[in-house]
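A short worksheet on the structure shown next.
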Ligand SMILES: [Zn+2]
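Residue numbers (UniProt numbering): 1 to 317.
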């Protein structure tokens, strides 16, 4: 059996994370994993590097999304209706920019942030959410995939759902070869953030850090020999890196617990203490991390909550 070639293509992004890496996979179907953000620079980098492989955009038969973030999905707009667009169903409202979903997200986050003690106007919430998709696409998936499925044309590769960084996050795993195409699940050069999302069904908020830690533990057991990530260097020390990431998170959990044993705090007050330099500029990311830590403490029954009017306070048990 011959091993399918996975060719990294480095695409620039306008985001702090730097370049995104998309992969050309020469399987039975010519496949691209992720696409890049929707900018001229990214489109030209993608086209040039594909051309160096003798491939034109129109030759790509399918694009598989690891998750819905703009730095991965934006350039879906480059592809014609003939290209299969494949990913988890949760990509859909973001990549299609579903108007009703975006409006509902604005309302949802304004309400949630106000309960968590963070001042966020409705307009500001919508603006923040929309700006995250400024470099995204307006496309729909042509095929959805989920846990345990195989994608046509990529024989031997199985889809695994690995939520946390995004609820839509999947990876492709070739168990026999010990290879994984990992998106942003585990990055060598930076920590991947858990990010809160508005619920897709029902009204229960996601618990991104708990999900993410669960995904990392699963990845630890799978222990691929190599991971092809969405950013930075290939990961060849999966278990060591996971241990390092989980240790760092555990230290932060203890910091939060210590703050809460001094006195009750709102999530926003904890956020300000954890990220004094960043919370204003990166409200969503820093609040996501904070809420994630509170979820972990609540899950382990180390904190309780109480309400003062419409504001929620957390305190150590
Ligand atoms: Zn991402």
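Note that CB positions come from ideal geometry on N, CA and C, so glycine has one too. In this text, all values refer to a predicted model and were calculated from it rather than measured experimentally.
Chain-order list of residues whose beta-carbon lies under 7 Å from that of residue i (same chain, five-residue window excluded)
{"i": "residue 212", "result": "164, 165, 194"}
{"i": "residue 135", "result": "14, 37, 38, 39, 70, 74"}
{"i": "residue 83", "result": "60, 61, 62, 63"}
{"i": "residue 106", "result": "122, 125, 126, 129"}
{"i": "residue 4", "result": "25, 26, 27"}
{"i": "residue 103", "result": "none"}
{"i": "residue 47", "result": "57"}
{"i": "residue 177", "result": "3"}
{"i": "residue 224", "result": "173, 178, 179, 180, 238"}
Close beta carbons around residue i, own chain, < 6 Å, minus the five adjacent residues each side
{"i": "residue 138", "result": "97"}
{"i": "residue 216", "result": "242"}
{"i": "residue 144", "result": "89"}
{"i": "residue 147", "result": "161"}
{"i": "residue 173", "result": "158, 160, 180"}
Residue range of the unbroken alpha helix (DSSP H) whose run includes residue i
{"i": "residue 369", "result": "There is no way to answer for residue 369, as the model of the chain reaches only from 1 to 317."}
{"i": "residue 98", "result": "That residue, residue 98, is in no alpha helix (DSSP H); it is neither H nor E in DSSP."}
{"i": "residue 271", "result": "267–274"}
{"i": "residue 72", "result": "70–73"}
Cβ distance (whole Å) where residue i is taken to contact residue j below 8 Å
{"i": "residue 20", "j": "residue 72", "result": "6 Å"}
{"i": "residue 30", "j": "residue 7", "result": "The Cβ separation is near 11 Å, so there is no contact."}
{"i": "residue 65", "j": "residue 34", "result": "6 Å"}
{"i": "residue 233", "j": "residue 300", "result": "So it is not a contact: roughly 33 Å between Cβ atoms."}
{"i": "residue 317", "j": "residue 303", "result": "6 Å"}
{"i": "residue 185", "j": "residue 219", "result": "6 Å"}
{"i": "residue 207", "j": "residue 295", "result": "4 Å"}
{"i": "residue 205", "j": "residue 141", "result": "Contact doesn't hold; Cβ gap of about 24 Å is too wide."}
{"i": "residue 196", "j": "residue 131", "result": "Not quite, the Cβ-Cβ distance comes to about 16 Å (not below 8 Å), so this is no contact."}
{"i": "residue 373", "j": "residue 95", "result": "Residue 373 falls outside the range modelled here, since the chain spans only 1 to 317, and no answer is possible."}
Closer than 7 Å: residue i CB and nearest ligand 3 heavy atom
{"i": "residue 234", "result": "This structure lacks ligand 3; the ligands present are ligand 1."}
Start-to-end residues for the beta strand (DSSP E) that takes in residue i
{"i": "residue 217", "result": "Premise fails: residue 217 lies in the alpha helix (DSSP H), 208–222, not in any beta strand (DSSP E)."}
{"i": "residue 46", "result": "Run containing residue 46: none in the beta strand (DSSP E); it sits in the alpha helix (DSSP H), 40–52."}
{"i": "residue 246", "result": "First-last for residue 246: 238–262, but that is the alpha helix (DSSP H), not the beta strand (DSSP E)."}
{"i": "residue 335", "result": "For residue 335 there is no data in the structure shown, the boundaries of the chain being 1 and 317."}
{"i": "residue 26", "result": "20–26"}
{"i": "residue 171", "result": "170–174"}
{"i": "residue 389", "result": "The requested residue 389 is not part of the displayed model; the chain covers only 1 to 317."}
Beta-carbon proximity list for residue i, same chain, < 8 Å, skipping 5 on both sides
{"i": "residue 282", "result": "275"}
{"i": "residue 269", "result": "117"}
{"i": "residue 53", "result": "7, 24"}
Identified DSSP bridge partners for residue i
{"i": "residue 205", "result": "Residue 205 pairs with nothing; no bridge assigned."}
{"i": "residue 183", "result": "229"}
{"i": "residue 64", "result": "33, 86"}
{"i": "residue 144", "result": "87"}
{"i": "residue 150", "result": "158"}
{"i": "residue 235", "result": "227"}
- Which runs of the beta strand (DSSP E) fall wholly inside the segment 78–141 and span at least 3 residues, in chain order? Counting only runs that start and end inside the segment 78–141, the beta strand (DSSP E) elements of at least 3 residues fall at 84–87.
- Could you tell me which uninterrupted alpha helix (DSSP H) segments, each at least 4 residues in length, are contained entirely in the segment 271–315, listed from first to last along the chain? 283–299
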